[in-house]
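J.:
2 protein chains.
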Amino acid sequence: MKTAATNTIRILGIDPGLRSTGFGVIDKAGNTLAYVASGCVKTDAEGSLPQRIKTILDGLAEIIATYQPQQAAIEIVFVNVNPQSTLLLGQARGAAIAALVTANLPVAEYTALQVKQAVVGHGKAAKQQVQAMVARLLQLPGTPSADAADALACAIAHAHGGQGMGALATVGRRMRNGRLV
Amino acid sequence: MKTAATNTIRILGIDPGLRSTGFGVIDKAGNTLAYVASGCVKTDAEGSLPQRIKTILDGLAEIIATYQPQQAAIEIVFVNVNPQSTLLLGQARGAAIAALVTANLPVAEYTALQVKQAVVGHGKAAKQQVQAMVARLLQLPGTPSADAADALACAIAHAHGGQGMGALATVGRRMRNGRLV
């Protein structure tokens, strides 16, 4: 069965990117977290931006349809030293959020600092530390890829509370004209 | 009748922005351009980014459903002096493109330079010049707002050719996994 059990909350974490958008799905039942799925949506570097955005939208729509998460959490991306890269990353993140809100998922946002604090306990953790802690917290047999680990870490940060727990109040609600109704 | 006549191509131009996304719809029949509609989708500055993206998606989906354009053209945004603004603008543009590709519209991209060259004849035109020329080319009784004028100008640039005419070949085709099929 792919849907979450009734007493659990299924969370979809997203690590946005134009080349590769990481995703991670976990179930939270009380204080217990369980791994459901993870991976990434890769786009064709030779495609046009609209084509690559379509790939991200279609990929995330398929993931949402398959795993039916109830909440979503997405990393707040940092400003790159290269302004053109910042613009591209922004557009990829806008597309990822578009896929989430189109599926009527409440979307919480977390900085990389918040995600690292939630998973490793401090904000200056190295990428490998995040991967190792994600594997440990979710009792994975191996280490997930960096993109998938970041996405799972974002979902864990959301499960652990933080600013995003306010989003729990929005479950089952819908948005109209950008407002909750 | 809201749909385009059979011998015309209906083009939706978009001037992306987080606060306000301008749109302009024109019909091209041979060398004749006709104004159909224009305006903008405004988002609530106090809303969260996901809420604002939802507003852009819903607004553009409604415009596409109402006017049923066959092609879309969107301005390539410039990198802002403020990196945080660049990131926000990028996310708004990503959402706008998401709305267009979700509706299976072929999307052409034009720089502000290309748009100004197509409408005014040179790339250093002032905003007021663009507005005045858009009003003249489309025989409007008054001057459209700046956002709407930029969106109409982008649609005109697409109608006039430029790099984007390659997109004409994609009409009626669909994309799968970011590729034309």
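Note that the protein sequences, when read in sequence, are chains U and D.
Each position in the first sequence, counted from 1, maps to that position plus 905 in my numbering.
Each position in the second sequence, counted from 1, maps to that position plus 905 in my numbering.
Even glycine gets a Cβ: it sits at the ideal position worked out from N, Cα and C.
Please read these numbers as outputs of a predicted model, since none were measured by experiment.
1. From this set, 952(D), 1031(D) and 931(D), which residue's C-alpha is nearest residue 1088(D)'s C-alpha?
2. Am I right that residue 1004(U) and residue 966(U) are in contact with their C-beta atoms under 8 Å? What's the rounded C-beta distance?
3. With three or more C-beta pairs closer than 8 Å as the rule, is the segment 1025–1035 of chain U touching the segment 911–928 of chain U?
4. On the three-state DSSP scale, how would you describe residue 967(U)?
5. With a Cβ-Cβ cutoff of 8 Å, do residue 960(U) and residue 933(U) count as a contact?
6. Is there a C-beta anywhere in chain U that falls below 8 Å from the one on residue 1003(D)?
7. Alpha carbon to alpha carbon, what distance is there between residue 995(U) and residue 1054(D)?
8. Taking its Cβ as the centre, do 16 or more other Cβ atoms sit within 10 Å of residue 892(D), making it buried, or is it exposed?
9. Suppose contacts are defined by Cβ-Cβ distances below 8 Å. Is residue 916(U) in contact with residue 1063(U) by that definition?
10. According to a CB-to-CB cut-off of less than 9 Å, which residues of the segment 944–961 of chain D neighbour chain U?
11. If you drop the 5 nearest sequence neighbours on each side, which residues of the same chain put their C-beta closer than 6 Å to that of residue 977(D)?
12. If I measure Cβ to Cβ from residue 1114(D) and keep anything under 6 Å in the same chain, skipping five residues before and after, which residues do I get?
13. Just the chain D side, please: which residues come within less than 7 Å of residue 997(U) by C-beta, in chain order?
14. Check whether chain D comes within 8 Å of residue 1044(U), counting only Cβ atoms and requiring the distance to be less than that.
15. Can you tell me which residues form a DSSP beta bridge with residue 957(U)?
16. Are the CB atoms of residue 1034(U) and residue 1020(U) nearer to each other than 8 Å?
17. In chain order, what residues of the same chain lie with their CB nearer than 7 Å to the CB of residue 1056(U), ignoring the 5 residues before and after it?
18. Taking CB distances under 8 Å as the criterion, tell me whether residue 989(D) reaches chain U.
19. In three-state DSSP terms, what is residue 1041(U)?
20. From residue 973(U) to residue 963(U), what distance separates their C-alpha atoms?
21. Quick one: residues in its chain with C-beta nearer than 7 Å to the C-beta of residue 1002(U), no 5 flanking neighbours on either side, listed in chain order?
22. Please state if the CB of residue 954(D) and the CB of residue 1061(D) are separated by a distance shorter than 8 Å.
23. Name, please, each residue of chain U whose Cβ falls closer than 9 Å to the Cβ of residue 967(D).
24. Of all Cβ atoms in chain D, is any one closer than 8 Å to the Cβ of residue 1014(U)?
25. Suppose you measure from the CA of residue 999(D) to the CA of residue 957(D); what does that come to, to the nearest Å?
26. Are the beta-carbon atoms of residue 991(D) and residue 988(U) separated by less than 8 Å?
27. So residue 1018(U) contacts chain D; which residues on that side make the cut at Cβ distance below 9 Å?
28. Please go through the segment 959–1018 of chain U and give each complete beta strand (DSSP E) segment of 3 or more residues, from N-terminal end onward.
29. Can you tell me where the alpha helix (DSSP H) holding residue 1055(U) begins and where it ends?
30. Out of 949(D), 1058(D), 946(D) and 986(D), point me to the one whose CA is closest to residue 1023(D)'s CA.
31. Would you list the residues sitting across from residue 915(U) in a DSSP beta bridge?
32. Classify residue 1025(D) as helix, strand or coil using the three-state DSSP reduction.
33. Against chain D, with Cβ distances strictly below 8 Å, would residue 1007(U) count as a contact?
34. Let's test the definition: count the other Cβ atoms within 10 Å of the Cβ of residue 1036(U) and tell me whether it reaches 16, buried, or not, exposed.
35. Answer yes or no: does any C-beta atom of chain U fall closer than 8 Å to that of residue 1039(D)?
T.: From the atom records:
1. Chain D is shown from 906 up to 1086; residue 1088(D) falls before or after that span and cannot be answered.
2. Along the first sequence, read from residue 1 onward, the residue named residue 1004(U) stands at position 99. Along the first sequence, read from residue 1 onward, the residue named residue 966(U) stands at position 61. So it is a contact: roughly 6 Å between Cβ atoms.
3. no
4. Translated into the one-based positions of the first sequence, residue 967(U) becomes position 62. Correct three-state label for residue 967(U): helix.
5. What you label residue 960(U) is simply residue 55 of the first sequence in a count that begins at 1. What you label residue 933(U) is simply residue 28 of the first sequence in a count that begins at 1. No, Cβ-Cβ distance for residue 960(U) and residue 933(U) is not below 8 Å.
6. One-based indexing of the second sequence puts residue 1003(D) at position 98. Closer than 8 Å: yes.
7. Working through the second sequence from its first residue, we reach residue 1054(D) at position 149. Working through the first sequence from its first residue, we reach residue 995(U) at position 90. The alpha-carbon atoms of residue 1054(D) and residue 995(U) are separated by roughly 25 Å.
8. This structure leaves residue 892(D) out entirely; chain D is present only between 906 and 1086.
9. Here residue 916(U) refers to the residue found at position 11 of the first sequence. Here residue 1063(U) refers to the residue found at position 158 of the first sequence. Yes, they are a contact pair.
10. 948, 949, 952, 953, 954, 955, 956, 957, 958, 959, 960 and 961
11. Counted from its first residue, the second sequence places residue 977(D) at position 72. So the qualifying residues of the chain are 917, 1005, 1010 and 1012.
12. In the structure as shown, chain D starts at 906 and stops at 1086, and residue 1114(D) therefore has no counterpart that could be examined.
13. Walking along the first sequence from the start, residue 997(U) turns up at place 92. Near residue 997(U) (Cβ distances below 7 Å), the residues of chain D are 999.
14. Position 139 of the first sequence, counting from 1, holds the residue named residue 1044(U). It does not: the Cβ of residue 1044(U) has no partner Cβ on chain D nearer than 8 Å.
15. Taking the first residue of the first sequence as position 1, residue 957(U) is located at position 52. Answer is none; residue 957(U) lacks a bridge partner.
16. By one-based count along the first sequence, residue 1034(U) stands at place 129. By one-based count along the first sequence, residue 1020(U) stands at place 115. No, the pair does not count as a contact, with Cβ atoms beyond the cut-off.
17. Position 151 of the first sequence, counted from the first residue, corresponds to residue 1056(U). So the qualifying residues of the chain are 918, 919, 920, 927, 928, 929 and 943.
18. Stepping through the second sequence from its first residue, residue 989(D) is reached at position 84. It does: the Cβ of residue 989(D) has a partner Cβ on chain U nearer than 8 Å.
19. Here residue 1041(U) is taken as the residue at index 136 of the first sequence, counted from 1. In this structure, residue 1041(U) counts as helix in the three-state DSSP scheme.
20. Your numbering for residue 973(U) matches position 68 in the first sequence. Your numbering for residue 963(U) matches position 58 in the first sequence. Answer to the nearest angstrom: the Cα atoms are 15 Å apart.
21. Position 97 of the first sequence holds residue 1002(U). Hits under 7 Å: 979 and 1012.
22. Locating residue 1061(D) in the second sequence gives position 156, counting from the first residue. Locating residue 954(D) in the second sequence gives position 49, counting from the first residue. Cβ atoms of residue 1061(D) and residue 954(D): not closer than 8 Å.
23. The residue you call residue 967(D) lines up with position 62 of the second sequence. Those within 9 Å of residue 967(D) in chain U number zero; the least Cβ separation is about 10 Å.
24. Counting from 1 along the first sequence, the entry for residue 1014(U) is found at position 109. Interface residue, yes.
25. Walking along the second sequence from the start, residue 999(D) turns up at place 94. Walking along the second sequence from the start, residue 957(D) turns up at place 52. Each residue's Cα considered, the two are about 12 Å apart.
26. Within the second sequence, the letter at position 86 stands for residue 991(D). Within the first sequence, the letter at position 83 stands for residue 988(U). Going by C-beta atoms, residue 991(D) is nearer than 8 Å to residue 988(U).
27. As a first step, residue 1018(U) must be located in the first sequence, where it is residue number 113. Result: empty, since nearest Cβ-Cβ is about 16 Å, beyond 9 Å.
28. 976–981 and 1012–1016
29. The residue labelled residue 1055(U) in the question sits at position 150 within the first sequence. First-last of the alpha helix (DSSP H) with residue 1055(U): 1051–1064.
30. For the purposes of this step, residue 1023(D) is taken as residue 118 along the second sequence, with counting starting at 1. Nearest C-alpha to residue 1023(D): 1058(D).
31. On the first sequence, position 10 is the one that residue 915(U) refers to. Residue 915(U) pairs with 932(U).
32. To locate residue 1025(D), count along the second sequence from 1; it is residue 120. Residue 1025(D): coil per DSSP, three-state reduction.
33. If you number the first sequence from 1, residue 1007(U) lands on position 102. Chain D, which has a Cβ nearer than 8 Å to the Cβ of residue 1007(U), makes this yes.
34. Taking the first sequence and counting its residues from 1, the one referred to as residue 1036(U) is at position 131. It is buried - the Cβ of residue 1036(U) has at least 16 other Cβ atoms within 10 Å.
35. For the purposes of this step, residue 1039(D) is taken as the residue at position 134 of the second sequence. Not closer than 8 Å to any Cβ of chain U, the Cβ of residue 1039(D) fails to qualify, so no.
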